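Student: Quick note: the sequence shown uses this note's numbering, first residue 31, plus one each step.
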Amino acid sequence: MSQRLQGKVVFVTGVARGQGRAIAVRAAREGADVIGVDVADHLPGVPYDSATLEDLKETRSLVEATGRRALIEQGDVRDLGFMTSLVDRGVEEFGRLDGIVANAGICIPNTWDATTPEEFRDTMDINVTGVWHTVMAGAKHLVDAGGGSIVMTSSYAGVKIQPFMVPYTASKHAVTGMARAFAAELGKHNIRVNSIHPGAVETPMGSGDMQQRIAQVEETNPPLGLMATAFLPDRRIDVDDIADLVLFLVSDDSKKITSEHISIDAGAHSY
């Protein structure tokens with residue numbers, strides 16, 4: 031069976047579990063070596079369980095079990111120096127970089143008047159500045175390789191809005207615009223840039239007190255809870271669904287697709 035990423039190298043953030051792990055493992059199964067990063071530590075303010083170092087080690091083991099190489103480390107996307115050093119070391123070890131998947135992000139549900147300055151700052155620093163750092167750490171290597179693909183994980187909230195999540199919605203709209211802006215400037219280097227927009231994905235982000243927090247904030251304005259109604263009878267989205275889409279965008283199957291925002295939410299953005 032042919033491997034669509036044979037001989038390529040992909041950089042993925044937020045790889046410890048969930049979408050990031052699924053993307054990294056799928057890329058490896060399709061022939062790519064993987065550079066990866068995750069903070070793998072407690073994130074203040076988030077109501078769900080944070081990823082751990084054990085999660086990160088498991089992702090590394092899963093990638094290596096495919097027979098591909100992995101440079102996967104604990105780190106923070108808010109640290110541009112670390113991100114640049116990690117990617118530089120990965121390129122030195124693996125020889126090139128072909129794809130970047132800026133996937134790391136956080137989500138803190140709260141009503142507009144209960145949102146704290148810290149929640150807003152942390153959300154924007156990770157979800158927006160962290161995505162910018164991811165691109166800045168790797169784009170020069172895509173230029174050197176003669177082209178490549180960048181995929182940014184935005185959200186349903188980056189197409190429409192996510193009620194009771196002003197910082198998250200602001201951050202994901204910013205990612206949507208950032209993808210288009212990078213697509214414009216990097217196009218001359220044969221680099222494609224697209225954003226994906228998942229709906230409710232079944233990941234550990236729904237763990238801990240997340241569902242309780244969402245239920246609490248929805249009680250403040252119940253009609254807004256209907257906004258994410260899906261068209262399809264099965265609205266559940268699995269991490270493998272996300273990995274399928276990212277693989278398509280990183281591979282040559284999408285070689286003429288750039289500056290697009292692609293929803294994967296069972297139609298919820300159109301309700």
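In this text, a Cβ means the ideal position worked out from N, Cα and C, and glycines have one as well. Since this is a predicted model, take the numbers as computed values, not measurements.
Please report how far the alpha carbon of residue 179 lies from the alpha carbon of residue 223, in whole angstroms.
Tutor: 6 Å
Student: Is it true that the CB of residue 160 sits closer than 8 Å to the CB of residue 130?
Tutor: no
Student: Tell me which same chain residues have a C-beta within less than 6 Å of the C-beta of residue 85, skipping the five on either side of it?
Tutor: 46 and 47
Student: Could you give the DSSP three-state label for residue 231: helix, strand or coil?
Tutor: strand
Student: Does the region 188-203 come into contact with the region 240-251, if we say contact requires no fewer than three beta-carbon pairs (one atom in each stretch) closer than 8 Å?
Tutor: yes
Student: If we require 3 or more residues per run, which beta strand (DSSP E) segments fall completely within the region 163-238?
Tutor: 178-183 and 221-228
Student: Between residue 187 and the rest of its own chain, which residues show a CB-CB distance below 6 Å, the 5 nearest in sequence each way excluded?
Tutor: Excluding positions up to five away in sequence, the list reads 198, 199 and 202.
Student: Beta-carbon separation of residue 235 and residue 164 under 8 Å?
Tutor: no
Student: Between the C-alpha atoms of residue 143 and residue 150, what's the straight-line distance to the nearest angstrom?
Tutor: 12 Å
Student: Could you pull the DSSP bridge partners for residue 43 from this structure?
Tutor: 67
Student: Can you give me the C-alpha to C-alpha distance between residue 214 and residue 289, rounded to a whole angstrom?
Tutor: 8 Å
Student: Using the C-alpha atoms, what's the distance from residue 138 back to residue 286?
Tutor: Distance between the alpha carbons of residue 286 and residue 138: 36 Å.
Student: With distances taken Cα to Cα, identify the nearest neighbour of residue 335 among 66, 219 and 210.
Tutor: With the chain covering only 31 through 301, there is no way to say anything about residue 335.
Student: Look up residue 72 in the DSSP assignment and say whether it is helix, strand or coil.
Tutor: Reduced to three states, the DSSP call for residue 72 is coil.
Student: Assuming contact is defined by CB atoms lying nearer than 8 Å, are residue 49 and residue 272 in contact in what I supplied?
Tutor: yes
Student: Using DSSP with H/G/I as helix, E/B as strand and the rest coil, what is residue 272?
Tutor: Assigned with DSSP and collapsed to three states, residue 272 falls in helix.
Student: According to DSSP, is residue 129 part of a helix, a strand, or is it coil?
Tutor: strand
Student: Would you kindly report the start and end of the unbroken alpha helix (DSSP H) that includes residue 57?
Tutor: 48-59
Student: Do residue 216 and residue 171 count as a contact pair if the criterion is CB distance below 8 Å?
Tutor: No, the Cβ-Cβ distance between residue 171 and residue 216 is not below 8 Å.
Student: Does the beta-carbon of residue 262 have 16 or more other beta-carbons within 10 angstroms, so that it is buried, or is it exposed?
Tutor: exposed
Student: How many Å lie between residue 162 and residue 97 at the Cα?
Tutor: Distance between the alpha carbons of residue 162 and residue 97: 31 Å.
Student: Residue 125: buried (16+ other C-beta within 10 angstroms of its C-beta) or exposed?
Tutor: exposed
Student: Ignore the nearest five residues each way along the sequence and tell me which others in residue 99's own chain have a CB closer than 7 Å to its CB.
Tutor: Within the same chain, Cβ atoms closer than 7 Å to the Cβ of residue 99 are found at 63 and 124, the five residues on either side in sequence being excluded.
Student: Comparing alpha-carbon positions, which option in 80, 33 and 51 lies nearest residue 59?
Tutor: 33
Student: Among 219, 157 and 80, whose alpha-carbon lies nearest the alpha-carbon of residue 233?
Tutor: 80 is the residue among 219, 157 and 80 whose C-alpha sits nearest the C-alpha of residue 233.
Student: Report the CB separation of residue 257 from residue 301 in whole angstroms; it is logged as a contact under 8 Å.
Tutor: 7 Å
Student: Indicate whether residue 152 and residue 75 have their beta-carbon atoms separated by less than 8 Å.
Tutor: For residue 152 and residue 75, yes; Cβs fall inside 8 Å.
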